[in-house]
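Take a look at the structure below.
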Amino acid sequence: MKPAAFEYHAPGTVEESVHLLAELGDEAKLIAGGQSLMPMLSLRLAVFEHLVDLRRVTGLRGIERRDGVVWVGAATTQAKIERSAELAETVPLLARATPLIGHFQIRNRGTLGGSLAHADAAAEYPAVALTLDAEFEAVSPRGSRTIRAAEFFTGLWSTALDEDEVLTGITFPVRTARSGFAIEELARRHGDFAIAGATIAVELDDVDRVARCAIGLFGLGPSAWRAHALEEALTGRAAADIVAADVGRDAVAPLDSVPSDLHGPAAYRTRVGAAMVARAWQRAVEEARHG
């Protein structure tokens, strides 16, 4: 199939983009890399009268170190993130998640901001952003604002962005000493969306107690999810006393909206999710201990 007819717009600045969105209202849709939107348009799962292409907009690409955080432009391609030595060192969870996204052809066009704004429940980047407490910069005709990752994802394919807002960049905290990160997922084939996955960030103190931790889950509900209660329970405990399998079991225990589909029933996804959390926890703690 082919997309329904639409009018194409290619603004050159963020200001032009947001004013177009304000003028066109809900009849318009932003397109970045197009790796999620174009298949939906071609199958006519989505129809818009106007497409606003961000590829020519200046100031939306790049990777910059800024006062204890790393800023990544929303239009930065996944391929650039994958190749970035800076991100591999400072935001390793983002770098490690990227090769799991689709195939290299998709990553050559797909963007960080596009994936986050699409907010697919089985995608890696939303879980990474939640786990790392990333912050989202958005611009509208009313000015700019910052949205915390915990407030950004509101449901399946739904975010806190207003209709006339453009996501311009995302900031991630720089890794600290004695920290470890891991992502684990199970997919039918490499490049497929995950049946279930987990993202872990752990920081240990000088005597190997958990100083901070974050446990993210994806593919197990309408959006990526953080196991905040479990994180609080693990903080302050000796890492050697924590059983990874118990972390996995307790992480998925509160889930009440695990989907059932052709890839497997909810009970299967839940068991897979627990196993992914356990594996990721073990790897992250090991990295925090030994680097």
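At position 33 of the sequence shown (counting the first as 1) the number is 33 in this note's numbering, and the numbers step up by one without a gap. Ideal placement from N, C-alpha and C gives every residue a C-beta, glycine not left out. Please read all numbers here as calculations on a predicted model, not as lab measurements.
Beta-carbon to beta-carbon, A214 and A201 are separated by about 4 Å, close enough to satisfy the 8 Å threshold. Going by beta carbons, I183 and R96 fall inside the 8 Å limit. Judged by DSSP in its simplified three-state form, F218 adopts strand. By the Cβ-count criterion, G12 is exposed, with fewer than 16 other Cβ atoms from all chains shown falling within 10 Å of its own Cβ.
For L234, the enclosing alpha helix (DSSP H) covers residues H228 to L234. Bounds of the alpha helix (DSSP H) holding W281 are A266 to H290. In the three-state reduction of the DSSP assignment, F104 falls in the helix class, which pools H, G and I. For K80, there is no enclosing beta strand (DSSP E); the residue is part of the alpha helix (DSSP H) that begins and ends at Q78 to R83.
Excluding residues up to 5 positions away in sequence, I215, L230, L234, V277, A278 and W281 lie with their Cβ nearer than 8 Å to the Cβ of V247 in the same chain. Between E23 and F48, the CB-CB gap reaches or exceeds 8 Å. The alpha helix (DSSP H) runs of length 4 or more contained entirely in the segment 144–227 are, from start to end of the chain, 149–152.
Where S140 is concerned, the enclosing beta strand (DSSP E) starts and stops at E135 to S140.
The count of Cβ pairs closer than 8 Å, one atom from the segment 244–263 and one from the segment 166–181, stays below three, leaving the stretches out of contact. Linking Y8 to H50 through their CA atoms gives a straight-line distance of about 6 Å.
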